[in-house]
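The C-terminal residue of the sequence shown carries number 667 in full-length UniProt numbering, and the numbering is unbroken. See structure below.
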Amino acid sequence: MTSRPFTTIENQWITLADGTRLAARIWMPEGAEADPVPAVFEFLPYRKRDGTSPRDESTYPVFAAAGIAGVRVDIRGSGESDGVIDGEYTELELANACELIAWIAAQPWSNGSVGMMGISWGGFNCLQVAALRPAALKAVISIASTTDRYNDDIHYKNGCHLSAQLSWAATMLAYQSRSPDPEIVGDRWRAMWMERLENEPFFLEEWLAHQRRDAFWKHGSIGEDFSAVAIPSLVIAGWADGYRNTPLLAVEGMPDRSKALIGPWIHKYPHFAWPKPRADFHGEAIAFWNRWLRGEANGTDTVPQVRAYILDAVKPAPRRDADPGFWIAKDRWQKPEMANFYVEAFGSLTEGHPVPHAPAHPVTLKSPLDTGTASGEWFTLKPDAELAGDQRGDDAGSLTFQTAPLPHALDIFGRPELSVMLASDSRVANLIARIVDVHPDGSTTRVAFGVLNLTHRNGNAEPQPMVPGERTPIRLTLDACGYRFRPGHRIRLSLSSAYWPMVLPAPTDAELTLDIASLGLALPKLGAHETFEMKQPDNPSPLPAYIEHAPSETRRQVLRDLQANRTDYVIYEDTGLFEHQGTGLSTRQVRDEVWSISPGDPLSMTGTSVWTCDMQRSGWFVRTISTSRIACTETHWLISASVVAYEGETKVFAKTFPEKAIRRDLM
Numbered sequence: 001m002t003s004r005p006f007t008t009i010e011n012q013w014i015t016l017a018d019g020t021r022l023a024a025r026i027w028m029p030e031g032a033e034a035d036p037v038p039a040v041f042e043f044l045p046y047r048k049r050d051g052t053s054p055r056d057e058s059t060y061p062v063f064a065a066a067g068i069a070g071v072r073v074d075i076r077g078s079g080e081s082d083g084v085i086d087g088e089y090t091e092l093e094l095a096n097a098c099e100l101i102a103w104i105a106a107q108p109w110s111n112g113s114v115g116m117m118g119i120s121w122g123g124f125n126c127l128q129v130a131a132l133r134p135a136a137l138k139a140v141i142s143i144a145s146t147t148d149r150y151n152d153d154i155h156y157k158n159g160c161h162l163s164a165q166l167s168w169a170a171t172m173l174a175y176q177s178r179s180p181d182p183e184i185v186g187d188r189w190r191a192m193w194m195e196r197l198e199n200e201p202f203f204l205e206e207w208l209a210h211q212r213r214d215a216f217w218k219h220g221s222i223g224e225d226f227s228a229v230a231i232p233s234l235v236i237a238g239w240a241d242g243y244r245n246t247p248l249l250a251v252e253g254m255p256d257r258s259k260a261l262i263g264p265w266i267h268k269y270p271h272f273a274w275p276k277p278r279a280d281f282h283g284e285a286i287a288f289w290n291r292w293l294r295g296e297a298n299g300t301d302t303v304p305q306v307r308a309y310i311l312d313a314v315k316p317a318p319r320r321d322a323d324p325g326f327w328i329a330k331d332r333w334q335k336p337e338m339a340n341f342y343v344e345a346f347g348s349l350t351e352g353h354p355v356p357h358a359p360a361h362p363v364t365l366k367s368p369l370d371t372g373t374a375s376g377e378w379f380t381l382k383p384d385a386e387l388a389g390d391q392r393g394d395d396a397g398s399l400t401f402q403t404a405p406l407p408h409a410l411d412i413f414g415r416p417e418l419s420v421m422l423a424s425d426s427r428v429a430n431l432i433a434r435i436v437d438v439h440p441d442g443s444t445t446r447v448a449f450g451v452l453n454l455t456h457r458n459g460n461a462e463p464q465p466m467v468p469g470e471r472t473p474i475r476l477t478l479d480a481c482g483y484r485f486r487p488g489h490r491i492r493l494s495l496s497s498a499y500w501p502m503v504l505p506a507p508t509d510a511e512l513t514l515d516i517a518s519l520g521l522a523l524p525k526l527g528a529h530e531t532f533e534m535k536q537p538d539n540p541s542p543l544p545a546y547i548e549h550a551p552s553e554t555r556r557q558v559l560r561d562l563q564a565n566r567t568d569y570v571i572y573e574d575t576g577l578f579e580h581q582g583t584g585l586s587t588r589q590v591r592d593e594v595w596s597i598s599p600g601d602p603l604s605m606t607g608t609s610v611w612t613c614d615m616q617r618s619g620w621f622v623r624t625i626s627t628s629r630i631a632c633t634e635t636h637w638l639i640s641a642s643v644v645a646y647e648g649e650t651k652v653f654a655k656t657f658p659e660k661a662i663r664r665d666l667m
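Encoded structure:
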């Protein structure tokens, strides 16, 4: 492929119809005004100047060298853009995106065809914008995203309250409190900073006002109407991340215009993600853009509908740099055939179907409320203790059923399903199911999991309390997985009523009674497929190297105070202080987060997340410290937050979001 010279426009102001100026960074192929080019647009609140600059600089220069312009724009109120952010994926944000697409298409260097791309926030909003059908938007690449904002994001999952909701609210409070760069905005920087600090929202207040799947979450969930997305989409995810369901949901909902790619990865772009093997994202993307933004007949539209990496007996480890496995392709995705299992005797999981009309076999389940400390993060940014660890500790607080050593390998791909009759002694309770690979040496790997607030057993829009003591049929669909259980390994089903800190506890310490004679587990068989070799990235280290002034540090600990009967889950992450050699801007962020609970008292749960964000260059230093908290009573969630800002050693701003009591809605 011929490499085309390009230039980088460090900042381009784009003025919206309402007068708001948004800041863009553009990578422009030379000669584009004489020979117009397609453009790829990414729209984020994560700061092009510093926050996403490493990954932007790993990709957009490659696109530009291939003759594709890159346009990376900061959402209002972030980076150097004017105004204040008003929430996640709001009507204003999406309208601004449509306006920006029209602006790009109208530029003299544009051929009029725009693609939209992103991971996480950018992966979300590119699908949402596609559903609005702006005329110039011709294709999207969505990575680590969702088609259902309620069930497949950091807020709630089948009615369970995820701790990631506070963590992400704290992150956004910290991100949005940062100053614009004076080198770009000039003397306006301080007034812009004060406007943000004074007016930025604490997102958790709005999210907790919507604890069921209402219109708030349906907005932006393209699964409400897949037909609205009429353009081709490439949907990518990783098994080690929380957004693993989206690619299969996308091809089910948009089979004629969507392709799925699933690797072993955490929440990162595939060309630099861990665990390896990686994928040649640049080659994939450039071919995709050339097909749909240039009309080049390059065969991209004949790529199999689903490509996925099947993990092969992965072992738990403190860090997973590479996962064993193999790549498979399916020309068309179809609902998989299921391998069915039932409990033949207590503790024994056997392939087949439950015996019809078998006598009830009630077993009680009441997990210690600190069961789940090996669950890892819901979405993962590093392949270390953020990933689920060895499951034996969590299994000790669970009901477990396992097969005999397998006589032959079993390959699965899709979403497992669990069915069981149970009763609860409380109106609100949670059920968590995990599929675990038990290795011959006894180590255990979590293959898949699913969570359910039992009041959401019939849907997420209108939860219904459990009737204490009443036998109730429950069906739970677990998250998608792709995995090979090797001969000699055992398959374990682990059931618990707690999964902390990932899932916040119900208001009472519920006891469940499960009829294990009714228990059925269905695992999706891999079925017909082809194997192939995924092309690896040409550059094994694509991220730019910045100047290190202070090293990064990560600590993740579980502390059990036996005397006080309290468990603390402690997270400390320091990005280190790094300077961008091109801008001279140095940044550092420190996250200090603690979750606490007494194993027998759900109302003892607390979470506190403190972020310290520094920005500096010669003669200039600013810092913000933001603190976000959650606690609970039996009837309410209790939340509060604060932000303090410093210019040099001088405190220049302080704001407190007073504690709010938000009623628990069957949660």
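For glycine and all other residues, C-beta sits at the position ideal for the given N, C-alpha and C. These numbers were taken from a predicted model, which means no experiment stands behind them.
Assuming contact is defined by CB atoms lying nearer than 8 angstroms, are residue i and residue j in contact in what I supplied?
i, j, result
"residue 304", "residue 345", "no"
"residue 502", "residue 378", "yes"
"residue 483", "residue 447", "yes"
"residue 94", "residue 116", "no"
"residue 461", "residue 212", "yes"
"residue 612", "residue 623", "yes"
"residue 336", "residue 463", "no"
"residue 254", "residue 226", "yes"
"residue 320", "residue 249", "no"
"residue 579", "residue 546", "yes"
"residue 369", "residue 505", "yes"
"residue 707", "residue 516", "Absent from the model: residue 707. The displayed extent of the chain is 1 to 667, so no value can be given."
"residue 99", "residue 23", "no"
"residue 173", "residue 626", "yes"
"residue 418", "residue 478", "yes"
"residue 594", "residue 568", "yes"
"residue 102", "residue 69", "no"
"residue 620", "residue 182", "yes"
"residue 221", "residue 235", "no"
"residue 537", "residue 353", "no"
"residue 49", "residue 184", "yes"
"residue 493", "residue 400", "yes"
To the nearest whole angstrom, what separates the beta carbons of residue i and residue j, a pair I think is in contact under 8 angstroms?
i, j, result
"residue 197", "residue 645", "6 angstroms"
"residue 175", "residue 309", "Not confirmed; about 31 angstroms, so no contact."
"residue 169", "residue 124", "Residue 169 to residue 124, Cβ: 16 angstroms. No contact."
"residue 407", "residue 489", "Not really, about 11 angstroms apart at Cβ, beyond 8 angstroms."
"residue 634", "residue 507", "5 angstroms"
Taking the continuous alpha helix (DSSP H) assigned at residue i, which residues delimit it?
i, result
"residue 560", "Looking at the DSSP string, residue 560 is not in any alpha helix (DSSP H); the run it does join, the beta strand (DSSP E), is 553-561."
"residue 185", "182-185"
"residue 249", "246-253"
"residue 296", "Taken as a continuous stretch (DSSP letters only), residue 296 belongs to no alpha helix (DSSP H), as it is neither H nor E."
"residue 593", "Unbroken run through residue 593 is the beta strand (DSSP E), 586-598; no alpha helix (DSSP H)."
"residue 99", "91-106"
"residue 205", "203-208"
"residue 124", "121-132"
"residue 216", "215-218"
For residue i, which beta-bridge partners are listed by DSSP?
i, result
"residue 473", "421"
"residue 530", "329"
"residue 238", "263"
"residue 524", "338"
"residue 513", "364 and 423"
"residue 629", "608 and 640"
"residue 276", "322"
"residue 307", "261 and 329"
"residue 483", "311 and 412"
"residue 713", "Since the first and last residues shown for the chain are 1 and 667, residue 713 lies out of range."
"residue 398", "BP columns for residue 398 are empty, so no partner."
Mind checking which residues open and close the beta strand (DSSP E) that includes residue i?
i, result
"residue 663", "650-663"
"residue 549", "547-550"
"residue 194", "Segment 189-199 is the alpha helix (DSSP H) holding residue 194; no beta strand (DSSP E) there."
"residue 351", "349-351"
"residue 138", "137-143"
"residue 395", "First-last for residue 395: 392-395, but that is the alpha helix (DSSP H), not the beta strand (DSSP E)."
"residue 175", "It is not in any beta strand (DSSP E) - residue 175 instead sits in the alpha helix (DSSP H) that spans 164-176."
"residue 573", "566-574"
Cβ of residue i within 7 angstroms of any heavy atom in the ligand FMN?
i, result
"residue 437", "No copy of the ligand FMN appears in this structure; indeed no ligand is present at all."
Which runs of the alpha helix (DSSP H), 4 residues or longer, sit entirely within the segment 1-89? Runs of the alpha helix (DSSP H) spanning 4 or more residues and lying entirely within the segment 1-89 occur at 53-65, in chain order.
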